[in-house]
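Numbering (this note's numbering), first residue to last: 2 to 291.
Glycine residues also receive a C-beta, built at the ideal position from the N, C-alpha and C atoms.
Written below as structure tokens is the structure these notes are about.
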């Protein structure tokens with residue numbers, strides 16, 4: 002269900018440009034397809050080159066290069082290659098999803114009852130009724146962001162987080178031999194270095210948080226995130242969220258360095274905990290995740 006957002010200008014607040022830009026992005030993205038198209042336009046404007054999954058990438062990807070591709074026009078993946086990256090170095094990635102809970106119109110949707118014209122719909126998901134990537138000359142890694150579709154319905158689709166999409170792209174990037182001379186031993190080398198690259202991987206998952214809007218009893222005491230109070234770290238003992246003490250330390254240190262406030266969130270012990278794309282990606286690839 003789509004809600005139009007408007008920046009709060011009450012009480013003479015100065016609105017950060019990043020917040021206004023985010024609101025503009027959300028308002029331009031009422032569906033996964035709109036979200037991907039909006040992201041595509043921004044990437045092109047930032048100098049990213051669109052590539053195709055069906056093409057060979059060997060010899061076409063370069064250090065300091067910026068690239069992206071889409072799948073189904075509802076999933077998009079963009080990456081920038083560090084100036085000092087060579088095959089076998091690590092990846093830094095942010096993952097999120099483009100879909101949200103909503104009502105979808107059925108194929109035969111015209112209905113009527115008691116003189117009212119109605120529309121037949123079905124629920125999708127479980128609703129409750131970035132500055133662009135830049136390539137740095139001294140970066141030894143590949144920076145990557147991926148926005149998956151179909152998170153709200155389990156992610157088990159060709160363009161969802163539980164597909165082989167991410168694994169296949171990481172393998173293709175490693176096998177592309179960026180920063181090295183072409184070699185006939187590329188495949189044996191690839192088999193050795195993909196494990197090393199994944200070990201050096203750090204994954205940051207972006208998932209929407211239901212912020213406290215009233216003094217609701219549905220929230221765990223002392224874990225009630227609020228708007229404008231900082232980035233929310235989600236934790237669940239049963240690993241519905243994959244944050245661990247070790248992985249959260251990295252985020253905490255970065256937040257401390259740049260003076261970014263953090264908040265903690267976990268569900269009540271007597272409530273079921275939802276999940277997101279983190280557990281399936283972390284399990285499939287063995288990645289450190291927060």
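**Prompt:** Quick one: what's got a C-beta closer than 7 Å to residue 168's C-beta in the same chain, skipping five residues either side?
**Reply:** Hits under 7 Å: 285 and 286.
**Alpha-carbon spacing of residue 62 relative to residue 112, whole angstroms** = Spanning the two alpha carbons is a distance of roughly 53 Å.
**Prompt:** In terms of residue numbering, what span does the beta strand (DSSP E) encompassing residue 248 cover?
**Reply:** It is not in any beta strand (DSSP E) - residue 248 instead sits in the alpha helix (DSSP H) that spans 246-258.
**Request:** Return the bridge partner residues of residue 235 from the DSSP annotation.
**Result:** Partner residues in the beta bridge of residue 235, as assigned by DSSP, are 266.
**Prompt:** Measuring CB to CB, does residue 136 end up less than 9 Å from residue 67?
**Reply:** Yes, these two residues count as a Cβ contact at 9 Å.
**Asked** For residue 83 versus residue 90, is the C-beta spacing smaller than 9 Å?
**Response** Yes, the Cβ-Cβ distance between residue 83 and residue 90 is below 9 Å.
**Item:** One or two residues paired with residue 50 in a DSSP bridge
**Value:** Residue 50 is bridged to 68.
**Prompt:** With 16 as the cutoff for other CB atoms within 10 Å, does residue 279 come out buried or exposed?
**Reply:** Buried.
**Prompt:** To which residues of the same chain is residue 106 closer than 8 Å at the C-beta, ignoring the five residues directly before and after it?
**Reply:** Excluding sequence positions up to five before and after residue 106, its CB lies within less than 8 Å of the CB of 120, 121 and 122, all in the same chain and listed in chain order.
**Prompt:** For the segment 71-86 against the segment 35-45, are there 3 or more C-beta pairs whose distance is under 8 Å?
**Reply:** With a cut-off of 8 Å, the segment 35-45 and the segment 71-86 count as touching, because enough Cβ pairs lie within range.
**Prompt:** Mind checking whether residue 237 and residue 274 have CB atoms under 9 Å apart?
**Reply:** Cβ atoms of residue 237 and residue 274: closer than 9 Å.
**Item:** Alpha-carbon to alpha-carbon, residue 49 and residue 86
**Value:** In a straight line, the C-alpha of residue 86 is about 18 Å away from that of residue 49.
**Request:** Return yes when the Cβ of residue 37 is within less than 9 Å of the Cβ of residue 148, no when it is not.
**Result:** For residue 148 and residue 37, yes; Cβs fall inside 9 Å.
**Request:** Work out the CA separation of residue 24 and residue 94 for me, nearest whole Å.
**Result:** Each residue's CA atom was taken as its position, placing residue 94 and residue 24 some 23 Å apart.
**Asked** DSSP puts residue 118 in a beta bridge; with which residues?
**Response** According to DSSP, residue 118 bridges with 113.
**Request:** In the DSSP assignment, find the alpha helix (DSSP H) that holds residue 179 and state where it starts and stops.
**Result:** Segment: none, residue 179 is in no alpha helix (DSSP H) and carries neither H nor E.
**Item:** Bounding residues of the beta strand (DSSP E) (the contiguous stretch that carries residue 78)
**Value:** Annotation: the continuous beta strand (DSSP E) that includes residue 78 extends over 76-82.
**Prompt:** Alpha carbon to alpha carbon, what distance is there between residue 55 and residue 92?
**Reply:** For residue 92 and residue 55, the gap between their C-alpha atoms comes out near 22 Å.
**Prompt:** Can you give the Cα-Cα distance for residue 33 and residue 26, rounded to whole angstroms?
**Reply:** Note on geometry: alpha-carbon atoms of residue 33 and residue 26 lie some 12 Å from one another.
**Message:** Between which two residues does the alpha helix (DSSP H) holding residue 282 run?
**Reply:** For residue 282, the enclosing alpha helix (DSSP H) starts and ends at 278-286.
**Message:** Once DSSP output is grouped into helix, strand and coil, what is the label at residue 62?
**Reply:** Looking at residue 62 - three-state DSSP - the assignment turns out to be coil, as it is neither helix nor strand.
**Asked** For residue 221, which of 251, 268, 177 and 179 has the nearest alpha-carbon?
**Response** When only C-alpha atoms are compared, the closest one is 268.
**Message:** Can you find the residues in the same chain that come closer than 8 Å, C-beta to C-beta, to residue 239, ignoring five residues on each side of it along the sequence?
**Reply:** For residue 239, the CB contacts under 8 Å within the same chain, skipping 5 residues up- and downstream, are 274 in chain order.
**Request:** Starting from residue 19, follow the alpha helix (DSSP H) in both directions and report where the run begins and ends.
**Result:** Start and end: 18-28.
**Request:** Indicate the three-state DSSP secondary structure (helix, strand or coil) for residue 137 in the structure shown.
**Result:** Residue 137 falls in the coil class under three-state DSSP.
**Asked** Do the CB positions of residue 245 and residue 235 come within less than 9 Å of each other?
**Response** Contact flag unset, no.
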